[in-house]
Amino acid sequence: MSNLTNEMVLARLQEKFGDAIRNHEEPYGLLTIEIQSDKTHDLIAWLKTDEVLKMSFLTLIGGAHFPNDKGREICVNYHLHSLVNNVRLRVRAFLPIENPSIQSIIDIYIGADWQERETYDFFGVIFEGHPNLTRILNEDSMDYFPMRKEYHLEDATREDKDDRYFGR
Amino acid sequence: MSDTPNKNKSLFADETIDGQIATLNLGPTHPATHGIFQNVLTVDGEKILGSVQTVGYIHRAFEKLAERRPYNQITPITDRLNYCSSPINNMGWEMTMEKLIGVQVPKKVDYMRVIIMELARIADHLVCNSVIGVDTGALTGFTYMFQQRELIYELYEEVCGARLTTNIGRIGGFERDFSPTFHVKLKKFLKEFNKHFQEFDDLLLRNRIFMDRTIGAGPISGERALDYGFTGPNLRAAGVDYDVRVMTPYSSYEDFDFIIPVGTQGDTYDRFCVRQEEVRQSLRIIEQAYNNMPEGSYFSPDVPEFYLPTKADVYTKMEALIYHFKIVMGETPVPVGEVYHAVEGGNGELGFHLISDGGRTPYRLQFRRPCFIYYQAYPEMITGQTISDAVLTLSSLNVIAGELDA
Chain A
24 MSNLTNEMVL
34 ARLQEKFGDA
44 IRNHEEPYGL
54 LTIEIQSDKT
64 HDLIAWLKTD
74 EVLKMSFLTL
84 IGGAHFPNDK
94 GREICVNYHL
104 HSLVNNVRLR
114 VRAFLPIENP
124 SIQSIIDIYI
134 GADWQERETY
144 DFFGVIFEGH
154 PNLTRILNED
164 SMDYFPMRKE
174 YHLEDATRED
184 KDDRYFGR
Chain B
27 MSDTPNKNKS
37 LFADETIDGQ
47 IATLNLGPTH
57 PATHGIFQNV
67 LTVDGEKILG
77 SVQTVGYIHR
87 AFEKLAERRP
97 YNQITPITDR
107 LNYCSSPINN
117 MGWEMTMEKL
127 IGVQVPKKVD
137 YMRVIIMELA
147 RIADHLVCNS
157 VIGVDTGALT
167 GFTYMFQQRE
177 LIYELYEEVC
187 GARLTTNIGR
197 IGGFERDFSP
207 TFHVKLKKFL
217 KEFNKHFQEF
227 DDLLLRNRIF
237 MDRTIGAGPI
247 SGERALDYGF
257 TGPNLRAAGV
267 DYDVRVMTPY
277 SSYEDFDFII
287 PVGTQGDTYD
297 RFCVRQEEVR
307 QSLRIIEQAY
317 NNMPEGSYFS
327 PDVPEFYLPT
337 KADVYTKMEA
347 LIYHFKIVMG
357 ETPVPVGEVY
367 HAVEGGNGEL
377 GFHLISDGGR
387 TPYRLQFRRP
397 CFIYYQAYPE
407 MITGQTISDA
417 VLTLSSLNVI
427 AGELDA
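Protein sequences appear in the order of chains A and B.
Throughout, the numbering used here is defined as the position within the first sequence, counted from one, plus 23.
Throughout, the numbering used here is defined as the position within the second sequence, counted from one, plus 26.
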């Protein structure tokens with residue numbers, strides 16, 4: 024196990040991808056980089072084969088919705104893990120809500136299949152190149168993406184419950 | 027009928043018996059699937075040519091539910107993920123919260139958690155392995171092992187009062203110290219478990235019939251398993267020694283001496299063997315944790331805004347009353363931040379990705395459910411195998427419907 028630090032990972036990524044890496048932070052020790060959305064596929068493919076970083080394990084794909092962040096409402100998170108170096112990395116891309124599409128990474132990791140379908144199911148992210156991008160956990164006839172923030176858990180038109188005092 | 031779902035997988039298409047290809051629904055509710063899993067198999071006689079899966083039958087929208095619940099109230103949701111080892115999920119979530127608010131729990135809490143989590147792992151593996159026995163036609167081992175599992179559930183009861191959906195522990199520690207009865211029962215369990223477990227081991231491990239049935243059933247290679255995102259015993263059975271407890275130790279796992287068993291073939295027999303050995307290693311960890319239990323408190327005094335004060339304090343002290351009210355109403359502020367915390371669950375890396383905006387509930391909480399990720403590989407693993415092997419493969423993967431569908 025080598026002593027790869029977050030700084031070294033970041034330096035190597037910046038050297039390779041330059042300005043495509045828009046932003047980076049380290050919340051609770053996990054290096055998080057924001058990548059231009061059309062470069063995500065290239066970055067993840069390169070990380071898998073790079074002989075220094077060896078980020079060859081896809082831990083998790085997930086979405087998040089930030090409705091107030093205009094033009095970049097939908098966030099797609101990829102958690103990668105280098106099992107050799109034991110270093111984790113979070114890669115994220117922001118997409119506009121009008122056209123939330125990003126290239127699928129199913130050709131890099133077969134395990135991305137259901138995780139991309141799940142992200143589509145809940146956030147409506149279109150993964151281009153995915154062979155079967157259909158709903159997975161929700162029923163097929165559903166016509167909205169339930170994890171987006173505009174869909175409340177309970178019926179928002181109800182008046183018989185007043186939650187104002189509890190900050191809900 | 028003749029439309030094979032996995033066209034590139036129909037390896038045996040030219041060997042059909044009278045050219046008859048049939049479609050068979052395995053599940054969603056079938057006794058052999060041990061849960062709500064639907065697999066539409068394309069079969070040629072007994073041989074599986076391809077499979078299409080349907081999941082989501084018990085989807086309960088936990089991630090959406092969590093966005094409306096105060097942090098304390100999310101622990102019961104995690105119970106219902108992998109319900110064969112709820113305490114691991116509970117404590118994984120509690121540790122995620124502790125990481126977010128930046129609290130260091132006393133060493134004693136770590137050790138207590140390790141004991142409970144390893145008991146949960148034993149219970150989880152016992153269910154899985156004894157059910158592999160049932161699916162190969164050996165019911166006896168199952169009844170023996172469920173007796174032992176019952177003893178573990180009695181231990182949970184002593185700690186939290188519940189058995190299956192435990193909601194065990196609190197953010198910051200435990201709700202109470204281990205009771206005297208717990209100590210008695212745990213000592214008895216540690217003393218006697220191995221004898222019964224060895225009996226079960228003798229029944230199956232070198233049993234000719236069992237070996238013939240399980241060796242080569244549902245194999246997967248190490249590379250393929252990694253590509254699919256396998257973790258836990260299923261990945262280790264394929265020969266990759268990845269274990270979160272060793273790679274990213276949490277809850278003082280670095281203090282304990284244990285080995286990570288690995289297999290070579292990644293088939294049902296190897297998965298069985300890996301789980302058998304993990305049970306023994308878990309027992310070793312419990313013994314080490316119990317015998318070296320540090321002195322100290324069973325909760326952290328640094329998180330009064332998350333850890334409920336005692337009733338005596340609530341009735342006599344103003345501050346305790348305020349905290350009690352704030353906790354019950356879910357009005358505790360948390361730092362703005364983003365955390366990913368992983369624990370080694372019964373089936374692999376159970377992760378919690380939490381985005382907090384400082385509000386009373388998570389802004390976004392995602393669970394990394396190992397079952398959901400590795401169940402994708404199931405069609406590939408059973409293609410070319412027989413239907414009875416498919417049933418075995420499903421039970422040896424230990425796919426838990428609650429975790430799969432969240």
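Cβ coordinates follow ideal geometry from the N, Cα and C atoms, glycine included.
Note that this is a predicted model, so its numbers are computed, not measured.
Are any of the Cβ atoms in chain A nearer than 8 Å to that of residue i?
i	result
H379 of chain B	yes
K352 of chain B	no
V434 of chain B	Here chain B covers residues 27 to 432 and nothing more, so residue 434 of chain B does not appear.
M121 of chain B	no
K133 of chain B	no
D431 of chain B	yes
K125 of chain B	yes
How far does the alpha helix (DSSP H) with residue i in it reach, from first residue to last?
i	result
Y254 of chain B	248-254
P101 of chain B	With the sequence shown as reference, residue 101 of chain B is identified as Thr, and Pro is not the correct amino acid for it. Note, T101 of chain B: alpha helix (DSSP H), 101-105.
R390 of chain B	Premise fails: R390 of chain B lies in the beta strand (DSSP E), 390-394, not in any alpha helix (DSSP H).
Q37 of chain A	29-40
L1 of chain B	For residue 1 of chain B there is no data in the structure shown, the boundaries of chain B being 27 and 432.
A188 of chain B	Premise fails: A188 of chain B is in no alpha helix (DSSP H) and is neither H nor E.
V210 of chain B	206-230
Y404 of chain B	404-408
E162 of chain A	Where E162 of chain A is concerned, there is no enclosing alpha helix (DSSP H), given that its DSSP letter is neither H nor E.
So is residue i buried or exposed if we call it buried at 16+ other beta carbons inside 10 Å?
i	result
D383 of chain B	exposed
S28 of chain B	Since pLDDT at S28 of chain B reaches only 41, below the 50 mark, its modelled position is unreliable, and the value read off the structure follows with that caveat. Under this definition S28 of chain B is an exposed residue.
I235 of chain B	exposed
I285 of chain B	exposed
D136 of chain B	buried
N193 of chain B	buried
P206 of chain B	exposed
K214 of chain B	exposed
N34 of chain B	Any reading at N34 of chain B is ruled out, since the residue's pLDDT is 46, under 50, leaving its predicted position unreliable.
P287 of chain B	buried
V329 of chain B	buried
E74 of chain A	exposed
P361 of chain B	exposed
Name the DSSP beta bridge partners of residue i, please?
i	result
T49 of chain B	B:T68
N100 of chain A	A:G85, A:R115
A368 of chain B	B:G377
S124 of chain A	A:I149
F325 of chain B	B:G199
T55 of chain B	B:I62
S79 of chain A	None; S79 of chain A has no bridge partner.
G363 of chain B	B:S382
T257 of chain B	Per DSSP, none; premise fails for T257 of chain B.
S105 of chain A	A:V110
T342 of chain B	Beta-bridge pairing links T342 of chain B to no other residue.
T412 of chain B	B:K73
Provide the residue span of the beta strand (DSSP E) that contains residue i, from first to last.
i	result
N46 of chain A	44-48
I58 of chain A	54-58
S77 of chain B	73-80
R310 of chain B	Here R310 of chain B belongs to no beta strand (DSSP E); instead the alpha helix (DSSP H) covers 294-317.
Is there a Cβ from chain B that is less than 8 Å from the Cβ of residue i?
i	result
N46 of chain A	no
F168 of chain A	no
H102 of chain A	yes
L66 of chain A	no
I129 of chain A	no
D136 of chain A	yes
G190 of chain A	Unreliable placement is indicated for G190 of chain A, whose pLDDT of 49 sits below 50; the coordinate value is still reported in the next sentence. For G190 of chain A, the answer is yes, since a Cβ of chain B falls inside 8 Å of its Cβ.
Y54 of chain A	For the record, residue 54 of chain A in the displayed sequence is Leu; it is not Tyr. Chain B, which has no Cβ nearer than 8 Å to the Cβ of L54 of chain A, makes this no.
F146 of chain A	no
F80 of chain A	yes
Y143 of chain A	no
N109 of chain A	yes
L83 of chain A	yes
L106 of chain A	yes
L118 of chain A	no
**Prompt:** What are the residues of the segment 254-270 of chain B that lie near chain A, defined by any Cβ-Cβ distance shorter than 9 Å?
**Reply:** Y254, G255, F256, T257, V266, Y268
**Prompt:** Which residues, taken in chain order from the segment 388-409 of chain B, show a beta carbon closer than 7 Å to some beta carbon of chain A?
**Reply:** R390, Q392, R394, F398, I399, Q402
**Asked** Name the residues in the segment 86-104 of chain B whose C-beta lies less than 8 Å from a C-beta of chain A; which are they?
**Response** A87, E89, K90, L91, E93, R94
**Message:** Can you pull out the residues from the segment 354-377 of chain B whose beta carbon lies closer than 9 Å to at least one beta carbon of chain A?
**Reply:** M355, G356, E357, G363, E364, V365, Y366, H367, A368, E375, G377
**Request:** Scan the segment 52-83 of chain B for residues whose Cβ lies nearer than 7 Å to a Cβ of chain A and list them as they occur along the chain.
**Result:** V81, G82
**Request:** With 9 Å as the C-beta to C-beta threshold (strictly closer), list the residues of the segment 232-257 of chain B near chain A in chain order.
**Result:** R250, L252, D253, Y254, G255, F256, T257
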